[in-house]
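Taking numbering that gives the first Met the number 0, the leading residue of the sequence shown gets 0, the next gets one more, and so forth. Think of the CB as a built atom: it goes at the ideal place given N, C-alpha and C, for glycine as much as any other residue. Keep in mind the model is a prediction, meaning the values are calculated, not measured. Below: one structure, written as structure tokens.
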Amino acid sequence: MFTEQNMNIQDVRFTLFRKGIESGMVAANAGLFNPRNKTVELHGKVIYRALDDSFQVQAQKMAWDPKTSVLICETDVSGFFREFQFSADRLDIAQNRAVFHLRNATFSGPG
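Structure follows, in structure tokens:
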């Protein structure tokens with residue numbers, strides 16, 4: 000029987016799509032799934048990786064909202080975009096527009 004209560008999930012793996020094409024993978028130790036609005040909150044070691052390996056981010060907390068197609072990454076955010084390394088307080092990935100919003104970010108890379 001289908002429940003409307005939040006569900007604890009373990010060893011989470013899912014694929015994100017942009018314009019109907021696979022664009023990235025998310026993996027996490029654990030999380031919480033809300034069946035009513037289909038949001039997912041992930042915690043522990045959480046990693047998002049673009050399938051073309053051009054981008055990767057790791058954080059302690061990520062949340063996916065399918066209505067807005069935004070993946071919110073918080074707490075110990077770090078990763079790379081092409082040849083640049085970054086760390087930030089927060090990163091929002093707008094999946095259907097391929098836009099990244101970083102807050103309080105530091106970058107390093109070829110100079």
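{"Check": "Using DSSP with H/G/I as helix, E/B as strand and the rest coil, what is T67?", "Outcome": "coil"}
{"Check": "Could you check the C-alpha separation between E85 and N36 for me, to the nearest Å?", "Outcome": "This sequence places Phe at residue 85; Glu is not what is there. Approximately 31 Å, taken between the alpha carbons."}
{"Check": "Report back the beta-carbon spacing between A26 and Q9 to the nearest angstrom; my notes put them in contact at under 8 Å.", "Outcome": "Actually they are not in contact, since the Cβ atoms of A26 and Q9 sit about 12 Å apart, beyond 8 Å."}
{"Check": "Report the CB separation of A62 from T38 in whole angstroms; it is logged as a contact under 8 Å.", "Outcome": "7 Å"}
{"Check": "For R12, which residues from the same chain have a beta carbon less than 6 Å from its beta carbon, with the 5 sequence-adjacent residues on both sides left out?", "Outcome": "A26"}
{"Check": "Starting from E21, trace the beta strand (DSSP E) both ways and give me its first and last residue.", "Outcome": "20 to 33"}
{"Check": "Per DSSP, what kind of secondary structure is S53 in: helix, strand or coil?", "Outcome": "coil"}
{"Check": "If N5 sits next to L31, beta carbons under 8 Å apart, how far is it from one beta carbon to the other, in whole angstroms?", "Outcome": "5 Å"}
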